Each structure stands twice: as C-alpha cells, then as structure tokens.
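Everything below concerns the one structure shown next.
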Amino acid sequence: MSIRVLTARDIAELVRQVGIDKFMDGLIESLETTFKKWKQLKVTPRVSFHYRQGVVEAMPASDDKWYTVKIVNGHPLNPSRGLQTVVAVAVLVDVETGYPLMFMDATLLTSLRTGAASALATKYLAREDSETLGVIGNGAQSEFLAYAITRVANKLDRILAFDIDRKATEKFTRNMSHLGYTVESVDSPRELALNSDIIVTATASPGRNRVIEKSWVEPGTHINAVGGDAPGKTELDPELVRSSKLVVELLDQALVEGEAQNVGREHVYAELWEVVAGIKPGRTSPQEVTIFDSVGIAIEDLAAITYVYSLAKGDDIGTTIKILPETSNPKDLFSLIAKPLQGREKGFLKNIKLYEN
Ligand code: NAD
Numbered sequence: 000m001s002i003r004v005l006t007a008r009d010i011a012e013l014v015r016q017v018g019i020d021k022f023m024d025g026l027i028e029s030l031e032t033t034f035k036k037w038k039q040l041k042v043t044p045r046v047s048f049h050y051r052q053g054v055v056e057a058m059p060a061s062d063d064k065w066y067t068v069k070i071v072n073g074h075p076l077n078p079s080r081g082l083q084t085v086v087a088v089a090v091l092v093d094v095e096t097g098y099p100l101m102f103m104d105a106t107l108l109t110s111l112r113t114g115a116a117s118a119l120a121t122k123y124l125a126r127e128d129s130e131t132l133g134v135i136g137n138g139a140q141s142e143f144l145a146y147a148i149t150r151v152a153n154k155l156d157r158i159l160a161f162d163i164d165r166k167a168t169e170k171f172t173r174n175m176s177h178l179g180y181t182v183e184s185v186d187s188p189r190e191l192a193l194n195s196d197i198i199v200t201a202t203a204s205p206g207r208n209r210v211i212e213k214s215w216v217e218p219g220t221h222i223n224a225v226g227g228d229a230p231g232k233t234e235l236d237p238e239l240v241r242s243s244k245l246v247v248e249l250l251d252q253a254l255v256e257g258e259a260q261n262v263g264r265e266h267v268y269a270e271l272w273e274v275v276a277g278i279k280p281g282r283t284s285p286q287e288v289t290i291f292d293s294v295g296i297a298i299e300d301l302a303a304i305t306y307v308y309s310l311a312k313g314d315d316i317g318t319t320i321k322i323l324p325e326t327s328n329p330k331d332l333f334s335l336i337a338k339p340l341q342g343r344e345k346g347f348l349k350n351i352k353l354y355e356n
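Residue 5 in numbering that gives the first Met the number 0 sits at position 6 of the sequence shown, with consecutive numbering throughout.
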C-alpha cells in the first residue's frame with residue numbers, strides 16, 4: 000500500500016490551486032466541525048520533552064476514522080544557525096486498518112491552523128461590529144493570524160501593527176499588502192491596544208511578559224493571545240486575564256502552557272469547543288473583554304491534516320511511495336530479510352552436526 004507524501008512545496012501548491020480564501024475558509028470550517036463533535040474525539044495534552052536547546056513535542060489526536068500525530072519543535076536559537084525556530088512533520092493513519100496513509104510537512108500547516116483557530120475564536124467571541132485589528136508581534140505567525148481573522152470579522156477596515164523589531168513590521172506590512180490590506184505601524188503596544196477592537200499577541204520571548212496591561216484594554220475588546228504557549232512563557236497582565244472572559248482550547252494543557260497558568264482554573268470560563276458547540280454562550284455583552292488563550296492543540300492538527308488529505312487526494316497532489324513491507328503472506332514478515340540462500344541451510348546443518356559431536 001502506498002503512502003502519500005506532501006512536502007511544504009506541495010502544500011503551498013495546494014493552497015495556490017484551491018485559492019487562499021477558499022482554503023482558509025475550508026480550514027476554519029474543518030476546525031469548527033471537528034470542535035462540534037468534541038465528545039467523540041480522543042483528546043490528550045501534548046507530550047513535551049524540554050531540553051537546554053528547546054522543546055520537542057508529540058501531538059496525537061483521533062476521531063473514529065483518523066489518527067494523527069504531529070512532531071513539532073521550538074528552538075529559539077535556531078535562526079542564529081540559519082534554521083527555523085519551529086518545524087513539524089505529521090502522519091495520518093487510517094483507524095480501520097491502522098495503516099498510515101500520509102506523511103507530510105506540517106510546518107506551514109501549523110501556521111495555517113493557528114490562524115484558523117484564532118479566527119474561529121474571534122467568530123464566537125469578538126463583537127460583530129469590530130472594525131480595527133491590532134497585531135503585536137509581527138513575526139512568522141502574524142500574517143496567518145491576521146489574514147485568517149479577516150475571513151470571519153467582516154467589518155474590519157483597519158489593521159494596526161507593533162513589533163519591537165521594525166523590520167518585522169515592515170515585512171508584515173508588505174505581506175499583508177499582497178493580500179490587499181493596508182497596515183498602519185504604531186509606536187507602542189499601548190497605542191495599539193487602546194485603538195483596537197480585536198488584538199492578536201504573537202510575540203516570542205521567554206518569561207512571564209506583560210505585552211498588554213489591563214489599563215490599556217477598552218471594554219468590548221477581544222484578544223487572541225497566541226505567543227504564551229509554554230510553561231513560564233506568557234504575554235498578558237495577569238490582572239487583565241483574571242478580569243476577562245477567558246476561553247482556552249484544552250484546560251489541562253492551558254493550565255500548564257497558556258495565560259491560564261498565571262491565574263488558575265477558577266478563572267477559565269470555557270474550552271473553545273464548548274462555545275462552538277453551543278454548550279456555553281460566547282460573548283454575551285458588547286462591554287465584556289474576551290480572551291482566547293491559544294497554545295495550539297492536537298485536535299486542531301487533526302482537523303487540518305484530514306482537511307489537507309481530502310484536498311490532496313482529490314487533486315492528486317504530492318507523491319505516493321511504498322514504505323511499508325509487502326508480503327504475500329501477512330504472517331510471514333521474516334521472509335523479507337531471510338530468503339533461502341545457497342549454502343545457508345548447509346552451514347546451519349553443519350553447526351548442528353558440530354553440536355552433536
Ligand atoms: P517569531 O520569532 O517569528 O516572531 C515573534 C515576534 O515577536 C518577533 O518579530 C519579535 O521581534 C516580536 N516581539 C518579541 N517580544 C516583543 C514584545 N514585547 N513586543 C512586541 N513584539 C515583540 O515567532 P512566531 O513564529 O511568529 O511565533 C510567535 C509566537 O507564537 C511564539 O511565541 C510561538 O511560540 C507562538 N506560537 C503559538 C502557536 C499556538 O498555536 N498558540 C502556534 C505557533 C506559534
């Protein structure tokens with residue numbers, strides 16, 4: 000049986016063929032559909048091993064049809080040696096047989112699904128009349144986040160940006176202009192927060208940071224906090240988190256990795272799937288401040304990987320290769336390494352003879 004192999008280039012080609020708007024809309028929808036059937040999923044926090052150099056994580060998830068696992072890293076010093084901070088690969092397995100069907104780069108997919116997850120949260124938590132999006136941290140994830148949010152926040156007509164690295168904001172501005180958006184660079188995170196209806200924080204600094212202070216946030220704001228995603232690595236003023244409607248992806252993971260680690264479970268309002276499935280209401284007043292505490296969970300990868308698989312299979316994208324052993328008798332795996340060889344039996348018998356002597 001063949002396995003489909005998708006490189007990052009194949010996935011980029013797939014996005015181009017489908018069209019970026021249609022691809023992102025379909026991805027957000029796939030996340031939404033998957034979250035709605037949460038009770039039928041097999042869900043677990045990721046397994047993370049921490050090293051001096053960074054972290055390597057396995058992220059398994061499953062429904063009754065598919066099993067997926069993503070292996071992803073986080074190595075902050077990699078760019079100084081010409082390598083990316085985050086890269087990922089993923090495998091899709093057919094639950095019926097246990098056979099793997101696809102092996103893929105998941106680096107690009109991680110950014111796309113991170114954007115889609117924040118878009119989904121924005122759809123349920125932001126004010127419908129939100130007009131201004133502010134993005135703090137204009138690195139690798141920023142365009143994916145901003146672009147995905149524009150797909151669900153239909154009244155947006157202004158994008159503000161701030162980064163301690165001006166070049167990052169220039170890059171963000173350039174890339175967003177390719178999608179038809181004008182970005183205004185602001186001088187401080189305070190200015191950005193005071194003027195935004197929806198805020199994204201996607202900074203990458205170790206430690207418990209306060210990228211946004213509570214006093215800067217206007218009533219009615221929705222915040223997607225994306226960069227606080229590891230033990231001891233957070234972005235928001237804990238007072239802001241404590242006084243807002245806090246929605247996490249998976250409570251047990253958020254309490255270890257997210258903004259929730261600074262405030263405790265009693266301040267968590269819901270897991271996002273509960274809001275999406277209508278078990279708990281999302282925003283209930285135009286005045287409340289809502290926070291989506293995003294750390295990235297395996298269920299989002301399950302939704303993204305199966306979505307890409309259906310598209311790639313339909314359009315025959317990628318290559319198919321035979322990796323698994325093929326035997327005419329499924330019980331005879333050993334024959335692959337031990338075909339009858341001339342003289343082998345003879346030697347074996349000779350040994351027995353020696354033993355008998
Ligand atoms: P990146 O290194 O490419 O970009 C981060 C940017 O933040 C940089 O441009 C940096 O200059 C800027 N920055 C750092 N401190 C700042 C501050 N105090 N104020 C303003 N800007 C600041 O990283 P990335 O790949 O874009 O990832 C951003 C963050 O998102 C990381 O922390 C990463 O771990 C996290 N992440 C989360 C998810 C998720 O699912 N929640 C997924 C992927 C990445």
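Every residue, glycine too, gets a C-beta built ideally from N, C-alpha and C.
Nothing here was measured: the structure is a model prediction, and the numbers come from that model.
Contact test: residue i Cβ vs the ligand NAD heavy atom, cutoff 7 Å
i      : result
Gln260 : no
Val88  : no
Asp9   : no
Gln140 : yes
Ile158 : no
Gly231 : no
Asn137 : yes
Thr113 : yes
Ala167 : yes
Ala57  : no
Ser369 : Past the boundaries of the shown model lies residue 369; the chain is included only from 0 to 356, so the question cannot be answered.
Thr109 : yes
Ala201 : yes
Val255 : no
Asp162 : yes
Pro188 : yes
Cβ-heavy atom distance, residue i to the ligand FAD, below 7 Å
i      : result
Pro280 : The ligand content of the structure shown is limited to the ligand NAD, which means the ligand FAD is not among them.
Of the listed residues the options, nearest to residue i (C-alpha basis)
i      : options                        : result
His266 : Glu273, Gly277, Glu256, Val247 : Val247
Asn208 : Leu249, Ser187, Glu258, Asp186 : Glu258
Gly133 : Glu299, Thr200, Gly226, Leu235 : Thr200
Leu310 : Lys64, Gly25, Thr6             : Gly25
Trp215 : Lys244, Val288, Gly179         : Val288
Lys64  : Leu40, Leu82, Val210           : Leu40
Ser195 : Lys170, Gly179, Asn223         : Asn223
Gly263 : Val274, Asn153, Gly281, Pro237 : Pro237
Lys21  : Thr149, Trp37, Arg126          : Thr149
Leu108 : Ile135, Arg80, Met23           : Met23
Asn153 : Leu144, Thr131, Ile163, Asn137 : Thr131
Per DSSP, cross-strand counterpart(s) of residue i
i      : result
Val4   : Phe102, Thr318
His221 : Ile197, Thr289
Val46  : Ala57
Thr67  : Ala60, Leu91
Thr233 : Arg207
Lys41  : Ser61
Asn328 : Looking at the DSSP assignment, Asn328 forms no beta bridge with any residue, so it has no partner.
Residue i versus residue j - alpha carbon distance
i      : j      : result
Leu159 : Ser141 : 12 Å
Asp62  : Asn261 : 32 Å
Val4   : Tyr308 : 10 Å
Pro75  : Thr326 : 45 Å
His270 : Leu254 : The question names His, but residue 270 in the sequence shown is Glu. Cα to Cα, Glu270 sits roughly 12 Å from Leu254.
Val90  : Leu100 : 8 Å
Leu124 : Tyr268 : 12 Å
Ala7   : Val86  : 11 Å
Leu239 : Tyr50  : 31 Å
Met175 : Lys279 : 34 Å
Asp128 : Ser47  : 39 Å
Lys166 : Thr172 : 10 Å
Val14  : Asp331 : 42 Å
Gly313 : Asp104 : 18 Å
Pro78  : Val274 : 38 Å
Asp9   : Thr318 : 9 Å
Glu56  : Ile296 : 11 Å
Leu245 : Asp315 : 42 Å
Ile70  : Glu95  : 23 Å
Point to revise | Length at least 3, wholly inside the region 124 to 212: the beta strand (DSSP E) runs in chain order | key: 131 to 135, 157 to 161, 182 to 184, 197 to 200, 207 to 211
Review point. What residue ranges within the region 235 to 307 form continuous beta strand (DSSP E) runs of no fewer than 3 residues, ordered along the chain?
Key: 244 to 247, 267 to 270, 289 to 292
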